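Residue numbers (the numbering used here), protein chains in the order written: chain A, 169 to 286; chain B, 3 to 116. The structure appears below as structure tokens.
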Amino acid sequence: GAVVSQHPSWVICKSGTSVKIECRSLDFQATTMFWYRQFPKQSLMLMATSNEGSKATYEQGVEKDKFLINHASLTLSTLTVTSAHPEDSSFYICSASPRLAGGLETQYFGPGTRLLVL
Amino acid sequence: GESVGLHLPTLSVQEGDNSIINCAYSNSASDYFIWYKQESGKGPQFIIDIRSNMDKRQGQRVTVLLNKTVKHLSLQIAATQPGDSAVYFCAENMGSGGYNKLIFGAGTRLAVHP
Chain A
169 GAVVSQHPSW VICKSGTSVK IECRSLDFQA TTMFWYRQFP KQSLMLMATS NEGSKATYEQ
229 GVEKDKFLIN HASLTLSTLT VTSAHPEDSS FYICSASPRL AGGLETQYFG PGTRLLVL
Chain B
3 GESVGLHLPT LSVQEGDNSI INCAYSNSAS DYFIWYKQES GKGPQFIIDI RSNMDKRQGQ
63 RVTVLLNKTV KHLSLQIAAT QPGDSAVYFC AENMGSGGYN KLIFGAGTRL AVHP
């Protein structure tokens, strides 16, 4: 149980184009989904938190107009990198927390999406 | 605080030995901690968690110890196997009232040698 998928697993795009990454919780409903970015040999850095049906909360320094997040259902969140540039090249990972009655919720991670912007 | 490690510390162990990976967390108000394993090119995989009202929790071949006095967390892996080779991250829940916001440590690379 607690499987999270991401699509695509990797993408190469030209500078200036937009890229959409999907995150799905396959066997549970996710109250909250999170988007992280990870550069080589570094830890995961939280970009934003999205709750189903409401606007995402972005971490300091993350441009909300550049990284558009939509959490339209309890099983799907999307991250769109708009007008991507080479410095946006990174490993993007989503996570999802199951919908539980009270208590603390474990985050389960997707397999990640590697983005390369040329 | 936020993790910005540029160089992952590495723990090298012999196959069959026990491994201990340490982590110092930053917020004394953190109430939930998780250890994740990340293999190259993959997302983090949940290993074990512990709440702040506990100081020890055991899983299959893994044990997590929590010392709130010194804000220290450790992951012990018994009889380490080559498949345990990966980067291990601790994460602390910085949220309050059940709000779930994880802050990740810098990570430790575990290298298991035959």
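Glycine residues also receive a C-beta, built at the ideal position from the N, C-alpha and C atoms. For clarity, every value in this text was computed on a predicted model and none was experimentally measured.
With 16 other Cβ atoms within 10 Å as the buried cut-off, status of residue i
i	result
residue 26/B	exposed
residue 100/B	Residue placement at residue 100/B is poorly supported in this model, since its pLDDT is 47, which falls under 50; the coordinates are not used for a value here.
residue 39/B	buried
residue 56/B	exposed
residue 185/A	exposed
residue 194/A	exposed
residue 256/A	buried
residue 178/A	exposed
residue 95/B	buried
residue 205/A	buried
residue 43/B	exposed
residue 61/B	exposed
residue 263/A	buried
residue 277/A	buried
residue 180/A	exposed
residue 53/B	exposed
residue 91/B	buried
N- and C-terminal bounds of the beta strand (DSSP E) containing residue i
i	result
residue 190/A	187–193
residue 239/A	235–241
residue 42/B	That residue, residue 42/B, is in no beta strand (DSSP E); it is neither H nor E in DSSP.
residue 198/A	198–206
residue 263/A	258–266
residue 175/A	172–175
residue 281/A	281–285
residue 217/A	213–219
residue 248/A	244–249
residue 179/A	178–181
Interface flag, residue i vs chain B, CB-CB below 8 Å
i	result
residue 168/A	Outside the shown range of chain A, which is 169 to 286, sits residue 168/A, and nothing can be said about it.
residue 275/A	yes
residue 171/A	no
residue 214/A	yes
residue 250/A	no
residue 193/A	no
Within-8 Å CB hit, residue i to chain A
i	result
residue 57/B	no
residue 61/B	no
residue 19/B	no
residue 106/B	yes
residue 46/B	yes
residue 3/B	Because residue 3/B carries a pLDDT of 36, less than 50, the predicted location of this residue cannot be relied on, and no value is offered for it.
residue 109/B	yes
Nearest residue (CA-CA) to residue i, options the options
i	options	result
residue 30/B	116/B, 111/B, 70/B, 110/B	70/B
residue 82/B	56/B, 12/B, 10/B, 16/B	16/B
residue 11/B	110/B, 114/B, 115/B, 116/B	110/B
residue 252/A	173/A, 189/A, 213/A	189/A
residue 229/A	215/A, 222/A, 239/A, 241/A	215/A
residue 284/A	170/A, 171/A, 183/A	183/A
residue 106/B	114/B, 22/B, 46/B	46/B
residue 261/A	286/A, 282/A, 218/A, 220/A	282/A
residue 66/B	35/B, 108/B, 28/B, 89/B	35/B
residue 198/A	225/A, 243/A, 235/A	243/A
Residue i CB to nearest heavy atom of the ligand ADP below 7 Å
i	result
residue 214/A	Judged by which ligands are present, the structure shown has none, so any question about the ligand ADP falls away.
At what residue ranges does the region 12–73 of chain B contain a whole run of the alpha helix (DSSP H), taking only runs of 4 or more? If we require 4 residues or more, the region 12–73 of chain B turns out to have no alpha helix (DSSP H) run fully inside it.
Counting only runs of 3+ residues fully inside the region 82–111 of chain B, write out the beta strand (DSSP E) ranges in chain order.
-> 88–95, 104–106
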